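At position 381 of the sequence shown (counting the first as 1) the number is 404 in the working numbering, and the numbers step up by one without a gap. Glycine residues also receive a C-beta, built at the ideal position from the N, C-alpha and C atoms. Model, not experiment: these values are computed from the prediction.
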Amino acid sequence: MHLFGGIFLLQTFVIVTYTQTSQIIRDYFVYKKVSRVVGFSCGDVEDSEFNFLCPEDFLTMRLLNVAGIATGIKPTGSQINIPRYLDTDRTLGVFVDVQCPHQNVSGIFDEASAHRMFDYSYNWLIIGSNLNHSLQNLNESGFSIVTDFAILLPSETDLNGTDYILYDIYNHCKMRGGVLNVTWLGSWQKDKGLTINLTDSKIARRRNYHGLRAKAAGIVLHRPEHVSLIDYLEGDSLEVMDNWPKFGHTLLSHVSNMFNFTLDLIEINHWEKNDSNGPLMSTLKRDDADLGYYPSILTIERYGYARVILQQWPTRTCFMFRTIPAMKMKPWIILKPFAADTWYMIIVIVVVTILILSCILKLERANDYGCSISALITVAALCQQGTYDDDDMTMIYCFPVIIMSIRFPFSH
């Protein structure tokens, strides 16, 4: 009798635990505001082949669907195409239960790292029972400053098994000696629900790289042999050479100061004629460099050729016309630079100049010139424009120019 009672209590505890885990998954991804969630659970692989869900997976899916989140759940040990299963064009929530007995979950993280699935597009939630055991399964080679990765563990101080702790996990760059960072993220309690304590931006609280050395490569073709690379890129030479690498190095230097990391510069001084992608893209693809200080090298065609984690520097040709739409234009805006008295005086001088110039043309016996030509010449002088005329009559047109030149300094 005591044996059956013990089994019943154990089953009750397991059901309560699964219910709480499903609620935490629901609360966490509702907080993250994702529209789709996929999961790897400890369900039976054979049942999944016939589209059967275990009770805990069914409960998780039901809670997420009620919250308006589309959900798909697969057993951890099932043979699935990870890149296809996690493919997304919007933020995707992913939860992985690492408590499954006799299941190797490290393959999931290896595939995710290989296909760059720890960036802005993914919010990861790992369900474990022990922090050290959960970290042993990780492959943080793809982690970065933008990684959104949380581990859920039961609280060691709670004897009832109803409280949980959340840890925030990230690594700036393992390949360059970065250290795995574990930070207390928040908690979940049965009576209070989810509480997130780290509410600051990920970039703001992770911005200190602690002097990590990053390799930056660029194409420099005109550096003199007697000048070092750093002096050449930071120099104030007036020669218009290697503008793009100098511009890119200035940007990266500013970023390195903001985030406290050190740049090790790599110089590329040769580009094969038939190499359409260029040596810089090959260097980035081989992971010989982390950053490029040659912004114009990145085009749409080259996106898939290297590890691109951020948008390239947006540049485009544009024309800026300082005009006002006709519907919003007011006449006084055009006349605003001068006072009304100034405009009246300008009109009077223009009229007088036209009359005097007409008389001069008459005295010069220029029969083919009249008041209209005099007005055109005067307006051209006023607008600082030229006019066509014979070379021997140049002195005549100096008159309106002189008048306008004398008048305008006193108009301001």
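- Secondary structure at residue 46: helix, using DSSP grouped into helix, strand and coil.
- Fewer than three pairs of CB atoms, one per stretch, sit closer than 8 Å, so the segment 173-186 makes no contact with the segment 98-116.
- Judged by their CB atoms, residue 284 and residue 244 are not nearer to each other than the 8 Å cut-off.
- Closest in C-alpha terms to residue 228, from the list 281, 265, 214, comes 281.
- Closest option to residue 155, judged by alpha-carbon separation, among 148, 168, 174: 174.
- Under the 10 Å beta carbon count, residue 207 is surrounded by fewer than 16 other beta carbons and is classified as exposed.
- Judged by beta-carbon spacing, residue 239 lies beyond the 8 Å limit of residue 328, meaning their Cβ atoms are not closer than that value.
- Residue range 115-120 is occupied by the beta strand (DSSP E) that includes residue 117.
- Residue 402 has its alpha-carbon roughly 13 Å from the corresponding atom of residue 371.
- Cβ-Cβ distances below 6 Å link residue 141 to 165, 166, 170 in the same chain, with the five nearest sequence neighbours on each side left out; the list follows chain order.
- For residue 133, the enclosing alpha helix (DSSP H) begins and ends at 129-137.
- For residue 362, the secondary structure class from DSSP, reduced to helix, strand or coil, is coil.
- In this structure, the beta-carbon distance from residue 237 to residue 314 falls below 8 Å.
- In this chain, the alpha helix (DSSP H) harbouring residue 396 covers 394-405.
- Taking 3 residues as the shortest admissible run, the segment 198-257 contains the following complete beta strand (DSSP E) segments, listed from N- to C-terminal end: 204-212, 216-219, 235-242.
- According to the DSSP assignment, residue 267 belongs to the alpha helix (DSSP H) that extends over 266-282.
- DSSP places residue 64 in the strand class (E or B) of the three-state scheme.
- With 16 or more other Cβ atoms inside 10 Å of its own Cβ, residue 194 counts as buried.
- Between residue 217 and residue 110, the C-beta spacing is not below 8 Å.
- Only residues of its own chain outside the window of five on either side were considered, and among them 52, 87, 92, 94, 116 have a CB closer than 6 Å to the CB of residue 60, listed in chain order.
- Of the candidates 320, 383, 64, 380, 64 places its Cα closest to the Cα of residue 149.
- In chain order, 246 place their CB closer than 6 Å to the CB of residue 255, counting only its own chain and leaving out the 5 sequence neighbours on each side.
- Residue 83 sits in a helix when the DSSP states are folded into three classes.
- Only exposed fits residue 366, as fewer than 16 other CB atoms lie within 10 angstroms of its CB.
- Rounded to whole angstroms, the Cβ separation of residue 253 and residue 288 is 6 Å, and the two are in contact under 8 Å.
- The closest CA to that of residue 118, considering only 44, 89, 231, is found on 44.
- C-alpha of residue 81 to C-alpha of residue 286: approximately 50 Å in a straight line.
- When DSSP states are grouped into helix, strand and coil, residue 107 belongs to the helix group.
- Counting the other Cβ atoms within 10 Å of the Cβ of residue 380 gives 16 or more, which makes it buried.
- Around residue 205, the same chain offers 190, 192 as residues with beta carbons nearer than 7 Å, after the five sequence neighbours per side are excluded.
- Straight-line spacing of the CA atoms in residue 122 and residue 308 works out to 35 Å.
- Around the beta carbon of residue 226, fewer than 16 other beta carbons lie within 10 angstroms, which makes this residue exposed.
- For the pair residue 138 and residue 147, the Cα-to-Cα distance works out to about 15 Å.
- Straight-line spacing of the CA atoms in residue 113 and residue 55 works out to 13 Å.
- Here the alpha carbon of residue 233 sits roughly 11 Å from the alpha carbon of residue 279.
- Residue 271 and residue 318 do touch by the CB rule: their CB atoms are close to 5 Å apart, below 8 Å.
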